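Each step along the sequence shown adds one to the number in this note's numbering, with nothing skipped, and position 130 is 130.
For every residue, glycine included, the Cβ atom is placed at its ideal position computed from N, Cα and C.
Predicted model, so just to flag it, every value in this text is computed and none were measured.
Below is one structure, written out as structure tokens, with a few remarks after it.
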Amino acid sequence: MSTDNEMLRALVREALRDALGGASGASDIAKALAGNATPTQKPAQVVEMVSLTSDVQVQTFVHRILDLAADAKTLSALREGEIVFQLTDQAKANVADNSGTTRIEKGAVTESTIRKAAESGSTLIVGRKVVVTSLARDKARDLGVTIIKESQQDNQKGSVMR
1 MSTDNEMLRA LVREALRDAL GGASGASDIA KALAGNATPT QKPAQVVEMV
51 SLTSDVQVQT FVHRILDLAA DAKTLSALRE GEIVFQLTDQ AKANVADNSG
101 TTRIEKGAVT ESTIRKAAES GSTLIVGRKV VVTSLARDKA RDLGVTIIKE
151 SQQDNQKGSV MR
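In structure tokens:
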């Protein structure tokens, strides 16, 4: 019972932090509620679609990353998340068919869930009612864990969350 309360408190804190633009301390929250907070602006993202369905495509992608990392400014943009890579629809479908998946039907996906998925190398498929916390999304991006959220219309198809 106490774990449920702790999880609920953590989710409420996270939702408030997201709603208040990242405010965490009492003074930050007071400023945000008063409208005096400076809005935190995320840098513009460049999204590059990739397909990794063969060894040759993986090799090509690795070479592309190495070429981008050769320039210090581009390397910084990669590290800051300004340059984002997303799988093409065909590659997403292949991920969904992968047998290394973990299905979660209820509850919340937290950072620890993501760490366990990363250790086992599995993809997470989450049901419609499952909550994925912002911290879990960040950790999934950092560790390379794919989260597929079932759409509300069709339980067989999903959308990849990033």
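Thinking C-beta only, is residue j closer than 8 Å to residue i?
i, j, result
"residue 114", "residue 145", "yes"
"residue 50", "residue 84", "no"
"residue 66", "residue 58", "no"
When DSSP builds the beta bridges, which residues end up paired with residue i?
i, result
"residue 48", "85"
From residue i to residue j, what does the alpha carbon distance come to, in whole angstroms?
i, j, result
"residue 123", "residue 148", "8 Å"
"residue 64", "residue 143", "20 Å"
"residue 68", "residue 111", "29 Å"
"residue 116", "residue 107", "16 Å"
"residue 121", "residue 71", "31 Å"
"residue 119", "residue 12", "28 Å"
For residue i, does the count of other Cβ atoms within 10 angstroms reach 16, so buried, or fall short, so exposed?
i, result
"residue 105", "exposed"
"residue 109", "buried"
"residue 6", "exposed"
- Task: Identify every run of the beta strand (DSSP E) within the stretch 74-146, keeping only runs that are complete inside it and at least 3 residues long; order them along the chain.
- Result: The qualifying runs are 83-87, 101-104, 123-126.
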